Every structure is written in C-alpha cells, then in structure tokens.
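So the structure is just underneath, and the comments pick up after that.
Protein chains in written order, with the numbering used here: chain A, 1 to 310; chain B, 1001 to 1205.
This is the structure in structure tokens:
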C-alpha cells in the first residue's frame, strides 16, 4: 500500500463520522494533488487536508488524534513508532539535559514504568510528579532495546483523580531450560570500583589483567516451544537452582584445577527441566528474582478436552 | 562479522515422534551458507531445533573408526533416533554412560538422511543432540502435555490464511493433520492410564 493511501485511510478514520459521504479516494486525491503536483511534504499535506475537514466538521484540531489509538500498559510497550494512549502516574521527573526538552521522567502504571520526554516546541502544560494522567496520542520510541514515549503537540493531557499502584515491571516466564550459555557457572569479575565486568581469561575489557573476584551466575534460555527468554540467575538464584553454593563451586574448581567443571555439573542438574522465573526485564534478559521448578503431576484433562473439541 | 546482526536463537519446537518422523523436507530461508536449516513439520511449522523428553530404550555404538552413538528415545507415539559422535562430545558421553531404560531430555537439531538404497522419497529423520540430561517421570509427563498443546496450536492454525508453513506442508506432504490430533489424544490418554498406547492391541475386555 502506498503512503498516500495509508495516510488517506487514517484521515478517513478520523473524519468518517463527522463528514457525510467522505471517501478514502477523495482524501487520497487531495493528498495526491498536494504531494505530487505541488511538491508539499506528506506531513504538511496531511495537516492541510485535516484542516479542510476540521473546518467542514466544525471541529478543533485538539479533538483529533487519540480517538483511534489503543490504550496500552506502559510495561508492555515493545514496538517503535506506535501511536498510543496511556493512563499513568508521573513517578519521577528528571533534570532535562538538553535545552530542547521541556520535561523528562518516568511514567508508571500497574505493568511497570517507561521513560517519557516532552519537547519545548510541543508547548504542553507541565506534568506534576505523583499525579495520574490520561495521555492521548503519544508516540513510542526505542533506543538500544529500551522503550520510551514522546509527547508531542497533538498529545492530550487530562489529569485524573485516581491513584495507580505502580508495578515493578516484573515478568513471569515459564518453560524448559534448554541452554546454559558461555559465561555461566563459576566466573570472575573485575574488582575495580564500580566495574563488575566478567573477566575473559583473567582480563577485564576495561581494566586489563586484574585479580578477579569469584561469583556464580547462569545465563540460561527458557523455552516454552513458542518463544524463548534469556534469563540471568545471580549468585542466590543460581544456588537455589542448582544447589551449588559459591563456596562449593570454588572447592569443585579447586579439586579439578578447572572452573568449567562447575558449569558442566550445573548443566547436568538443570537442563531439560521446567521452571517458572519471575523478575524484571533488563534489555534482552529477565533477571531471576524468584525461581520455581515445575514438578509434580500435570493435568492432562483440559488438554484432552481441547483436543477432542477440534 | 557485522556487530549489528546478533543471530536470534531459534525456539525449540515440541513435536511427537510420529510427526517428527513423518517430516523429511528441510529448507533454508536464505542463500547464506550459514543460514539455519529448518525441518518442515507436517502440521505446518518450521523447526530448526526441537526439545524432546522420552525414554531411552536402547543405545549402541555404531561407529567404525571413532565412537558414534545411536540412541532410541521413545515417546507415547513413536521413536526418535538420536545420533551423537565426536562433534557432540557431551551428548556422546551421556549415551555411553547411560543405562537404558532412562528418562532423558534432549535439545537438538533435526537432521534428514536419504539412504542410497532407499526408494525415492524415503527419508530418515533423526536428532543431533546439543544436550542430553536425565530427568524424572513428571518432567516426561509435563512434556507430553506441553507437546500435545503445541501440536494442537499448530493444527488450529493450519487453515489460517497466510500460514506459510501450512501451505508448504500441504504441498510437500499431503498428510491429514487430523492424524496428529489423534496421536496427541492417544498420548494424553496414555498419561491417564499410565501406559503407552498400543493402537493395534485388541482390548481384552
């Protein structure tokens, strides 16, 4: 589908109820004239066509947008450049680092939190920390796997007289543990202040050769046959998962004169078993706060009923 | 190697042995030599990796110059053939050390092989393990229920418009997907009465 057609359909959706007999073709023709005959950029053309219909319908521009959006939970935002509505509390306001930014901070709802940015040019009313708002027509943005929302001049801001319990963004994932990745088991970390990088052959990528400090962790893959989740188990979670403590791991490595025996032993105890893991998402990883092995009898009855009904 | 293209790990499909062994068509989705190879499942999905839990019933070193282990891993619908040699040292060591019968969980890649003396289209499907671990009966049962669920998911999606792999499966196999629902039902029923289904057995009652 062409950009023009797509834009025409979006505009049509916004005005179909207010303007009698409006067709997508008519809108597309107007856009086409502006874009192809008059060489007007598409966003300006869109604005111009919208203005035409706003006048016909006797509407204000503020009434536009927001209407057709989906209201999403901020913790579930996982796509770039989506126009959405959110209902969220301003958890924190940060100091803007740039002149162009009016406000920057953290929005939260039951599902978790997301960064938001409002630009000066959008000329929006200021948000207050601790207040819950309905924000209509914000656009999602992505940077290095982390999502944010941008407010813009079409964003509608409505203060809501309600309280939101902001979630910690923890997710629950289940599946079979199908892989333990390299860098798991008994590892050494850089002891430099503030640096906890994992050493490769005794070297830190930042500080060179250092006397490392032992730690336990597992970078594992939980797979439910539908999708995979990469999970990081820290020292505590690793001990809970494998029954091997840091002290025991060091002893094993000492006896074998080799640290890899620890990860090998762990593979044997945890691979191929089913787990439920709860914890926050960090980039592509879930950090395991709670780990539960799924054991005991399973109920085949509901699956049987499903199978017989197909 | 370009740093912006982190290859994404492929999901491990859940598939019963009967369906796995009915497959035989493999394909790549790009010309890149290192592009992942997929086995086309008859219920309409591509499998680059599978996760299997079953009973190791037999093992044998069939290697000539070096160790090459073949294991038979049985689920309620049939048998997976698992091959591990010098390039799968951990899996090969497991097969060497294990005493059948034992419940095992296997993560592995599907491989196909067409014997020279076979009739055309007679393709053997096997599993090249990435890992083999010993598990308990509950884990096996959980896998059976999960595999039934995933199989039903595929069957339900089989007639959906735009299901590319279902379209491929129709072209390549022409096998009725209802078969795999029936196999799933039998597998689930075997959990309830505690024994493997024997479709050919005559009920003595």
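Glycine included, every Cβ here is placed at the ideal spot set by N, Cα and C. Bear in mind that the values here come from a model prediction, so they are computed numbers and not experimental data.
| Comparing the C-beta of residue 274 of chain A with each C-beta of chain B, is any distance below 8 Å? | yes
| task | Note down, in chain order, every chain A residue with its Cβ under 8 Å from the Cβ of residue 1152 of chain B. | result | 303, 306, 307 and 310
| task | Put residue 293 of chain A into one of helix, strand or coil per three-state DSSP. | result | Three-state DSSP puts residue 293 of chain A in a strand.
| task | Check whether the Cβ atoms of residue 1041 of chain B and residue 1012 of chain B lie closer than 8 Å to each other. | result | no
| task | Report the rounded CA-to-CA distance for residue 168 of chain A versus residue 89 of chain A, giving the unit in angstroms. | result | 13 Å
| said: Could you compute how far the alpha carbon of residue 282 of chain A sits from the alpha carbon of residue 213 of chain A? | reply: 24 Å
| said: Using CA atoms only, rank isn't needed, just tell me which of A:210, A:71 and A:141 is closest to residue 195 of chain A. | reply: A:210
| Member of A:135, A:35 and A:276 whose CA lies at the smallest distance from the CA of residue 83 of chain A | A:135
| task | Assess, as a yes-or-no matter, whether the region 122-129 of chain A is touched by the region 94-101 of chain A under the definition of 3 or more beta carbon pairs within less than 8 Å. | result | no
| said: Taking 7 Å as the limit between beta carbons, can you name the residues of its chain near residue 66 of chain A, skipping five residues before and five after? | reply: Reliability of the predicted coordinates at residue 66 of chain A is poor, the pLDDT of 45 falling under 50, and the value obtained from them is presented with this limitation in mind. In the same chain as residue 66 of chain A, and ignoring 5 residues on each side of it, the C-beta atoms closer than 7 Å to its own belong to 85, 136, 137 and 156, in chain order.
| Contacting residues, own chain, Cβ-Cβ under 6 Å from residue 1048 of chain B (five flanking each side not counted) | 1010, 1036 and 1038
| query | Tell me which same chain residues have a C-beta within less than 8 Å of the C-beta of residue 1067 of chain B, skipping the five on either side of it? | reply | 1061, 1085, 1086, 1092 and 1096
| Residues within the region 1144-1169 of chain B neighbouring chain A, beta-carbon criterion of under 8 Å | Only 1144, 1145, 1146, 1147, 1148, 1149, 1150, 1152, 1153, 1155 and 1156 from the region 1144-1169 of chain B bring a Cβ to less than 8 Å from some Cβ of chain A.
| request: Take the Cβ of residue 1110 of chain B as the centre, count every other Cβ of all protein chains shown within 10 Å, and call the residue buried at 16 or more, exposed below. | output: buried
| Chain-ordered residues of the region 170-182 of chain A with a beta carbon less than 8 Å from chain B | 176, 178 and 179
| task | To the nearest angstrom, report how far apart residue 18 of chain A and residue 10 of chain A are at their CA atoms. | result | Their Cα atoms are separated by approximately 14 Å.
| task | Give the residues of chain A in contact with residue 1018 of chain B, contact being defined as C-beta atoms less than 9 Å apart. | result | Ordered by position in chain A, no residue passes the 9 Å Cβ test against residue 1018 of chain B, which lies about 15 Å from the chain.
| Along the region 1101-1134 of chain B, what residues have a CB closer than 7 Å to any CB found in chain A? | 1105, 1107, 1131 and 1133
| Can you tell me where the beta strand (DSSP E) with residue 148 of chain A in it begins and where it stops? | 146-151 is the span of the beta strand (DSSP E), which, as asked, contains residue 148 of chain A.
| Are there 16 or more other CB atoms within 10 angstroms of the CB of residue 127 of chain A, so buried, or fewer, so exposed? | buried
| query | Alpha carbon to alpha carbon, what distance is there between residue 1190 of chain B and residue 1204 of chain B? | reply | Bear in mind that a pLDDT of 41 at residue 1204 of chain B, under 50, signals an unreliable position, so the model cannot answer this.
| query | When the cut-off is 8 Å and only beta carbons count, does residue 1192 of chain B lie next to chain A? | reply | yes
| Helix, strand or coil: how does DSSP classify residue 121 of chain A here? | helix
| task | Using alpha carbons as the reference points, say which of A:279, A:284 and A:296 lies closest to residue 273 of chain A. | result | Ranking A:279, A:284 and A:296 by CA distance to the CA of residue 273 of chain A puts A:296 first.
| Does the region 140-151 of chain A come close enough to the region 162-180 of chain A that 3 or more CB-CB pairs lie under 8 Å? | no
| query | Candidates B:1076, B:1031, B:1080 and B:1107: which alpha carbon is nearest residue 1088 of chain B's? | reply | B:1107
| Members of the region 250-273 of chain A near chain B, C-beta cut-off 7 Å | 267, 268, 271, 272 and 273
| Taking the Cβ atom as the reference point for each residue, do residue 118 of chain A and residue 151 of chain A lie within a distance shorter than 8 Å? | yes
| Whole-angstrom C-beta distance between residue 267 of chain A and residue 180 of chain A, which should lie under 8 Å | Their Cβ separation, rounded to whole angstroms, is 5 Å, which keeps residue 180 of chain A and residue 267 of chain A in contact under 8 Å.
| query | Among A:170, A:239, A:16 and A:115, which residue has its Cα nearest to the Cα of residue 95 of chain A? | reply | A:115
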